[in-house]
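Enquirer:
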Amino acid sequence: RPNSPEPRRHQVCTQKERCAMSKKTEAVKENTALKLGLQAKEGELVLAVCHIYASFNDTFVHVTDPSGRETISKVTGGMKVKADRDEASPYAAMLAAQDVAAKCKELGIGGLHIKMRATGGNRTKTPGPGAQSALRALARAGLKIGRIEDVTPIPSDSTRRASGRRGRRL
746 RPNSPEPRRH QVCTQKERCA MSKKTEAVKE NTALKLGLQA KEGELVLAVC
796 HIYASFNDTF VHVTDPSGRE TISKVTGGMK VKADRDEASP YAAMLAAQDV
846 AAKCKELGIG GLHIKMRATG GNRTKTPGPG AQSALRALAR AGLKIGRIED
896 VTPIPSDSTR RASGRRGRRL
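Take the sequence shown: its letter number 5 is residue 750 in our numbering, and every next letter is one higher.
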């Protein structure tokens, strides 16, 4: 129906026009530089949240954005040492924290709020051996430490703890 009064729904482009349009989009793509990480002004201190989970079997150092939704970096003690018995050691925690600190600096993060956690619940409320060394490694790497908070889950009432009526006999 070439003589119908309705406007054409689909635009028909010539080969020349299509070529010109694709060149324009390529030029726009080249001009916009891809910047990873958090966007901030020059000289502004960018803060993130570091969740340190130190059990007696492993230590997790996990950095997220302030809302906690997006992970920036996550390294565990087990990723840094070969032997299973060394996963929770202060040395493994220090290596994990150094890796995380390097990644944070690369993305332009200058400060961290710390949320430290032990196993908790009906288990131990004492943080494992890697907690303190992970925190020290982050501070020594040049990251500013904001607030330090203990977020170990404490039950108001709990299920029965393992180790019978008379407790664990040593």
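Every residue gets a Cβ at the ideal spot worked out from N, C-alpha and C, and that includes glycine.
In this text, all values refer to a predicted model and were calculated from it rather than measured experimentally.
1) State the Cα-Cα distance for the pair T816 and I854, rounded to the nearest angstrom.
2) Given 8 Å as the limit, is there contact between the segment 895–910 and the segment 876–883, that is, 3 or more CB pairs closer than that?
3) Report yes or no: is there a C-beta of chain B within less than 8 Å of the C-beta of R830?
4) Let me know if T869 comes out buried or exposed under the rule of 16 or more other beta-carbons within 10 Å of its beta-carbon.
5) In terms of alpha-carbon separation, which member of T864, V806, M839 and D831 lies closest to A793?
6) Quickly, what does DSSP pair Y836 with across the bridge? List them, please.
7) What's the C-alpha gap between V791 and R814?
8) For I958, does the count of other Cβ atoms within 10 angstroms reach 16, so buried, or fall short, so exposed?
9) Based on the DSSP output, what are the partners of F916 in its beta bridges?
10) Are L852 and L883 touching if we call contact CB-CB under 8 Å?
11) Would S818 and G873 be called neighbours here (beta carbons separated by less than 8 Å)?
12) Between which two residues does the beta strand (DSSP E) carrying G856 extend?
13) Using 8 Å as the cut-off, can you tell me whether the segment 861–868 makes contact with the segment 825–840, which would need three or more C-beta pairs spanning the two stretches below that distance?
14) Ends of the alpha helix (DSSP H) at R892?
15) On the criterion of 16 or more Cβ atoms from any shown chain inside 10 Å, does L915 qualify as buried, or is it exposed?
Expert: Considering the structure as presented:
1) For the purposes of this step, residue 816 is taken as residue 71 along the sequence shown, with counting starting at 1. For the purposes of this step, residue 854 is taken as residue 109 along the sequence shown, with counting starting at 1. Approximately 13 Å, taken between the alpha carbons.
2) At 8 Å Cβ cutoff, the stretches do not touch.
3) Here there is only one protein chain, and chain B is not present.
4) Taking the sequence shown and counting its residues from 1, one reaches residue 869 at position 124. Its Cβ having fewer than 16 others within 10 Å, T869 is exposed.
5) What you label residue 793 is simply residue 48 of the sequence shown in a count that begins at 1. Here the closest residue by C-alpha is V806.
6) As a position in the sequence shown, residue 836 is number 91, starting the count at 1. DSSP lists no partner for Y836.
7) The residue given as residue 791 occupies position 46 in the sequence shown. The residue given as residue 814 occupies position 69 in the sequence shown. Roughly 16 Å between the two C-alpha positions.
8) This structure cannot settle anything about residue 958, because the visible part of the chain is limited to 746 through 915.
9) Look at the range of the chain in this structure, 746 to 915, and you will see that residue 916 is not part of it.
10) Counting from one through the sequence shown, the residue named residue 852 turns up at place 107. Counting from one through the sequence shown, the residue named residue 883 turns up at place 138. Result no, Cβ atoms of L852 and L883 do not sit closer than 8 Å.
11) What you label residue 818 is simply residue 73 of the sequence shown in a count that begins at 1. What you label residue 873 is simply residue 128 of the sequence shown in a count that begins at 1. Going by C-beta atoms, S818 is not nearer than 8 Å to G873.
12) Position 111 of the sequence shown, counted from the first residue, corresponds to residue 856. Where G856 is concerned, the enclosing beta strand (DSSP E) stretches over G856 to R862.
13) Short answer: they don't touch.
14) Position 147 of the sequence shown holds residue 892. In the DSSP assignment, R892 falls outside any alpha helix (DSSP H) and within the unbroken beta strand (DSSP E) covering K889 to D895.
15) Along the sequence shown, read from residue 1 onward, the residue named residue 915 stands at position 170. With a 10 Å radius around the Cβ and a threshold of 16 neighbouring Cβ atoms, L915 comes out exposed.
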